[in-house]
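**Q** Under the working numbering, the first residue of the sequence shown carries the number 82, and numbering increases by one thereafter. In this text, a Cβ means the ideal position worked out from N, Cα and C, and glycines have one as well.
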Amino acid sequence: MATRCRGLFSPPEWFSRELRAICPDMEAKYLDKSKRWGIFCNGELNRLVEDPVTKEPRPLDQQILRKIKVDVFLTNNSRALDTYLDNDNRAMRAYTARGIVGVTDYLTRG
């Protein structure tokens with residue numbers, strides 16, 4: 082559960098700890114205007130934490146962390162992404178339609 086302090090939300094400590102383990106430059110911040118969480122890398126917005134279809138806000142949970150792990154891994158390992166896309170037609174269709182986000186959703190759905 083996020084804590085509210087002086088008008089700002091703070092992410093759960095376990096989430097921040099696991100996020101920093103994936104990438105030390107990442108942090109979660111609550112965006113008051115859009116009423117959802119944002120994941121920032123080096124101070125720049127990397128992604129909004131929302132449902133990809135409905136655009137409804139989502140909580141900070143393990144599914145979000147899994148998506149970030151896959152995204153970071155495939156972004157940093159382009160040969161792994163190429164090999165994976167060559168061997169999985171559904172992943173290739175997801176990548177063609179939605180880029181790395183499509184592959185990440187495909188790999189982490191459930």
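(1) Could you tell me which residues DSSP puts in a beta bridge with Ile120?
(2) Between which two residues does the alpha helix (DSSP H) carrying Asp163 extend?
(3) So what does DSSP say about Ser115, is it helix, strand or coil?
(4) Find out if the Cβ-Cβ distance for the pair Thr185, Asp152 is shorter than 7 Å.
(5) Around the Cβ of Lys148, are there at least 16 other Cβ atoms within 10 angstroms (buried) or fewer (exposed)?
**A** Concretely, from the data shown:
(1) Under DSSP, Ile120 shares a beta bridge with Ala109, Arg128.
(2) Here the alpha helix (DSSP H) through Asp163 covers 159-168.
(3) Note: Ser115 maps to coil in three-state DSSP.
(4) In this structure, Asp152 lies closer than 7 Å to Thr185 by Cβ.
(5) Classification for Lys148: buried.
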